[in-house]
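**Student:** Respectively, the protein sequence lines represent chains D and P.
First residue of the first sequence: 117, per this note's numbering; consecutive thereafter.
First residue of the second sequence: 117, per this note's numbering; consecutive thereafter.
Okay, here's the structure, questions in a sec.
2 protein chains.
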Amino acid sequence: MEHLTVTAAQQCVLGSIKLLGAESVGLEQSLGRVLAEDIRANRDQPPYDVSAMDGFALRSADVASAPAQLDIIEDIKAGDMPRKTVQAGQCVRIMTGAPVPQGADTVIRVEDTQMLSDTRVQINVPVKANNDIRPRGEGMRTGEVVLARGTELTPGAVGMLAMVKRASAEVYRQPRVAILSTGDELEGLHDPFDADKIPDANSYALMAQVQALGITPDLLGIARDEPSHLKEMLQRGLQYDVLLVSGGTSVGVHDYVRPTLEALGVQMKFWRVEMKPGHPMAFGVAPLTWVFGLPGNPVSSMVCFEEFVVPALRRMNGHTRIHRRTITARLTHDVKHKHSRAEFVRVMLSREEGGYAATSTGAQGSGILASMSKAEGLMVVPADCTGMKAGEPVTVQLLDGAEYQNEAGGEW
Amino acid sequence: MEHLTVTAAQQCVLGSIKLLGAESVGLEQSLGRVLAEDIRANRDQPPYDVSAMDGFALRSADVASAPAQLDIIEDIKAGDMPRKTVQAGQCVRIMTGAPVPQGADTVIRVEDTQMLSDTRVQINVPVKANNDIRPRGEGMRTGEVVLARGTELTPGAVGMLAMVKRASAEVYRQPRVAILSTGDELEGLHDPFDADKIPDANSYALMAQVQALGITPDLLGIARDEPSHLKEMLQRGLQYDVLLVSGGTSVGVHDYVRPTLEALGVQMKFWRVEMKPGHPMAFGVAPLTWVFGLPGNPVSSMVCFEEFVVPALRRMNGHTRIHRRTITARLTHDVKHKHSRAEFVRVMLSREEGGYAATSTGAQGSGILASMSKAEGLMVVPADCTGMKAGEPVTVQLLDGAEYQNEAGGEW
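In structure tokens:
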């Protein structure tokens, strides 16, 4: 417990996290959720062989020595069913998505043809059988699982639900999350200005971090350093699936949070992690609730949220990909590292030949929240690192909200 | 116009896009929005020199030849103001965030001390001046711009707004987006099953793509291939900032969409782009509305949304980073490329030593929506490429919803 690494602490947290139950959501609310059921195709798609282009459906044998001239016997657009069978010397004008008629074995695109009259067309080039035809069932076949339980509902998956006519689906439910700040030094967002106090930024930074995962948290406010008030606030928080308490978990004699949580039946698993920022990071388990004790400094609190709360919340609501994406980047400057804790350095990223360059956002003091608002990633300096040199490859965890870049990244 | 590249088409779109106006939003709704005002600090933070650790504030000269024993004259916790001045041989017990008292010039953490009695402590090691002190104004100084106009409100920036006690802020407004599908072949989500029809997946895939940008679109439904109905639906769409019409923009004679849009005063800028999937991709400008004509195939429609609509919507609501992040990955297999259009291949990514490996999701037919729901990125095959070999470095645009990974990406 005295020298818990970040990885060991993550394993401790994730080892105690359970998947929450399922609920039904409408398609409009489904983005980002995780399926708690298998979704099966309810039809063949396309339901018959269809044209992949606007052009003419014909018999490939008729145009083997193109140019060749053919009679147009019918017009078929998407939504129409063909009425005639294509015979030798005949073709039909066909639109993208329309059924290929009996007799025809291929499609040629309109760009390779030339109209001679309303009912006659010249085919300029030969075309093989099955050209530009999308075969029946290419997209999906009746009964097959098109989205398996555990699939995250990306936009493509939401489209797939619509494709099988599912207006709602069973997904794992979202955790109910409460956020509580603690400490007499804090001034609430709507409290009058007091120059000697510190505005409560943590509640809102954490709110936004939770929102970024698609979850709407409840803000319980600020618990004062007064045992009965703190107890009452923590009791409220213990009605939720997840309670995030910031402040009050360090070793100071005035920190009531840990003993109060324990008195309320929370089994504390750890209360310190070998990391910077974020040393006083606690985690405990109550009958209904997973409790994260986050540091009082906003930056430390946010970094600990990234490392421990993000994967936990994502595991609860069914995700298998629970960690932030990491990339390898080239460090643009030296980084000193003398202590024995893993360090998470706020960095900006710039695209360069073959990858990314990572540059510190500047002063890394844990009270400097502005640096967190600039950061695109957290560069990981492992505990056993003795310093890093400019040019070295480093691992950067991407932070959400930085998922876009100025340039398209190439010309095409 | 006949051979418009993706890059040229993007430039055409972005050249006509204007930033929308500003509106005020509450902190709870501000995540992901872009500031339309400069935000200034309303106080020094911290308001005085404060301790960065739980420990003792003392005079560094007193412990130059530590171990040394000092009298504890006061306890100061965060939220308290010191009442006494530290004299030679004295110290105060101090909590993280509490003000450093007059007379003291440094802080030593509790781990480097040993209590002798309630009022006397042994300092085990010497400590320099200014150790573990966060100076007044380190986080911010009164009047300085802490978040500039144009900043995206990430969780850190939302925390910063709370830090300066802003319960609301001016941000660029979100575009109002309408989504319309077209074609007699389509079956609506709530329509009865008809084996000969194609379910309207586009409306919902596009809905989810828009939602992923933090915008709630309106679904107008399906316009039939009947001129007056189509005109009425398009007129409704032209009341919005952005109209996404899918289907009906190819060169087929049954495609009424383009002439109807033109009759309604939409100036079409292009109607084809040299890309695969997505060839029949149109863009036009009306007095109130930017109109995107997306292909009828769900995959093509989604890829065109990524390439053209994502950067446009992000530019409208004030983002400067408007393109999807790209990474360089190692291709795991050969890719053929014979035509002269840029191709966007759906790929999955796996982490490997030094970076990522990219692997096709399989069959790339534009009707195979399942492949889009699996994709983590779009690999770009430039128009002039003559094929790619396994092992080559390739550019991959990351798709949202794939921002997480199974493993933490290292141990620390």
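Beta carbons are placed, not taken as given, at the ideal position from N, Cα and C, and that holds for glycine.
Express the C-alpha separation of P:W387 and D:R431 in angstroms, rounding to a whole number.
**Tutor:** 44 Å
**Student:** Give the list of continuous alpha helix (DSSP H) stretches no shorter than 4 residues that lie fully inside the region 421–464 of chain D.
**Tutor:** 426–432
**Student:** Give the straight-line distance between the Cα atoms of P:M349 and P:R441, rounded to the nearest whole angstrom.
**Tutor:** 35 Å
**Student:** Tell me which residues share the same chain as P:P242 and place their Cβ nearer than 6 Å to its Cβ, disregarding the 5 neighbours each side in the sequence.
**Tutor:** V179, A180 and A182
**Student:** Within its chain, find whatever has a CB closer than 8 Å to the CB of D:G471; leave out the 5 residues flanking it on each side and keep chain order.
**Tutor:** Excluding its 5 nearest sequence neighbours in each direction, D:G471 has C-beta neighbours in its own chain below 8 Å: I443, T444, A445 and R446, listed in chain order.
**Student:** Quick one, which of P:D160, P:T376 and P:R250 has its alpha-carbon nearest P:A168's?
**Tutor:** P:R250
**Student:** Does the separation of the CB atoms of P:P271 and D:Q480 fall below 8 Å?
**Tutor:** no
**Student:** Using a 10 Å radius around the Cβ and a threshold of 16 neighbouring Cβ atoms, would you call D:M276 buried or exposed?
**Tutor:** buried
**Student:** How many angstroms separate the CA atom of P:I155 from the CA atom of P:V262?
**Tutor:** Rounded to whole angstroms, P:I155 to P:V262 spans 6 Å at the Cα level.
**Student:** So for P:A339, helix, strand or coil by DSSP?
**Tutor:** Note: P:A339 maps to strand in three-state DSSP.
**Student:** Please identify, using Cβ separations under 9 Å, the residues of the region 305–316 of chain D that lie next to chain P, in order along the chain.
**Tutor:** L305, H306, D307, F309, A311, D312, K313, I314, P315 and D316
**Student:** Whole angstroms is fine: what's the gap from P:H345's alpha carbon to P:T298's?
**Tutor:** 10 Å
**Student:** Under the rule that 16 or more other beta-carbon atoms within 10 Å means buried, what is D:N246, buried or exposed?
**Tutor:** exposed
**Student:** Comparing alpha-carbon positions, which option in D:D341, D:Q355, D:P403 and D:P396 lies nearest D:T376?
**Tutor:** D:D341
**Student:** So is P:E342 in contact with chain D if we call contact Cβ pairs under 8 Å?
**Tutor:** no
**Student:** Consider the Cβ of P:H119: report whether some Cβ of chain D lies at a distance smaller than 8 Å.
**Tutor:** no
**Student:** Using a Cβ cut-off of 8 Å (strictly closer), state whether P:I295 contacts chain D.
**Tutor:** It does not; no Cβ of chain D falls within 8 Å.
**Student:** Among D:A124, D:R462, D:S146 and D:T123, which one has its Cα closest to the Cα of D:I331?
**Tutor:** D:S146
**Student:** What's the call for D:M197, buried or exposed, on a 16-neighbour Cβ count within 10 Å?
**Tutor:** Counting Cβ neighbours within 10 Å, D:M197 comes out exposed, since fewer than 16 surround it.
**Student:** With a cut-off of 8 Å, does the C-beta of D:Y372 fall near any C-beta of chain P?
**Tutor:** no
**Student:** In terms of residue numbering, what span does the beta strand (DSSP E) encompassing P:Q145 cover?
**Tutor:** Where P:Q145 is concerned, there is no enclosing beta strand (DSSP E), given that its DSSP letter is neither H nor E.
**Student:** Opposite P:T511 in the DSSP bridges: which residues?
**Tutor:** P:T444
**Student:** State the Cα-Cα distance for the pair P:L336 and D:G434, rounded to the nearest angstrom.
**Tutor:** So the two alpha carbons sit approximately 32 Å from each other.
**Student:** Going by DSSP in three states, P:C66 sits in which element: helix, strand or coil?
**Tutor:** Coverage of chain P is limited to positions 117 through 528, which leaves residue 66 of chain P absent and any answer about it impossible.
**Student:** Mark D:S416 as exposed unless 16 or more other C-beta atoms lie within 10 angstroms of its C-beta, in which case mark it buried.
**Tutor:** buried
**Student:** What would DSSP say about P:G171, mapped onto helix, strand or coil?
**Tutor:** strand
**Student:** At 9 Å on the CB atoms, spell out the chain P contacts of D:D300, in chain order.
**Tutor:** K193, A194, G195 and D196
**Student:** Check whether the region 399–407 of chain D touches the region 309–325 of chain D, taking contact to mean three or more Cβ pairs, one atom from each stretch, closer than 8 Å.
**Tutor:** no
**Student:** With DSSP collapsed to three states, give me the class of P:Q351.
**Tutor:** helix
**Student:** Rounded to the nearest angstrom, how far is the Cβ of P:V202 from that of P:I189, given a contact under 8 Å?
**Tutor:** 7 Å
**Student:** By DSSP, does D:A506 sit in helix, in strand, or in coil?
**Tutor:** coil
**Student:** Is the beta carbon of P:I484 sitting closer than 8 Å to the one on D:E254?
**Tutor:** yes
**Student:** Let's see if you can read the secondary structure: which residues bound the beta strand (DSSP E) around D:V237?
**Tutor:** R236 to I239
**Student:** What do you get for P:R199, buried or exposed, if any count of 16 or more other CB atoms within 10 angstroms of its CB means buried?
**Tutor:** Answer is exposed; the Cβ neighbour count stays below 16.
**Student:** Roughly how far, in whole angstroms, is the beta-carbon of P:V451 from the beta-carbon of P:M504, given that I think they are within contact range, below 8 Å?
**Tutor:** 4 Å
**Student:** Between the C-alpha atoms of P:R538 and D:Q290, what's the straight-line distance to the nearest angstrom?
**Tutor:** Missing from the structure shown is residue 538 of chain P; chain P here goes from 117 to 528 and no further.
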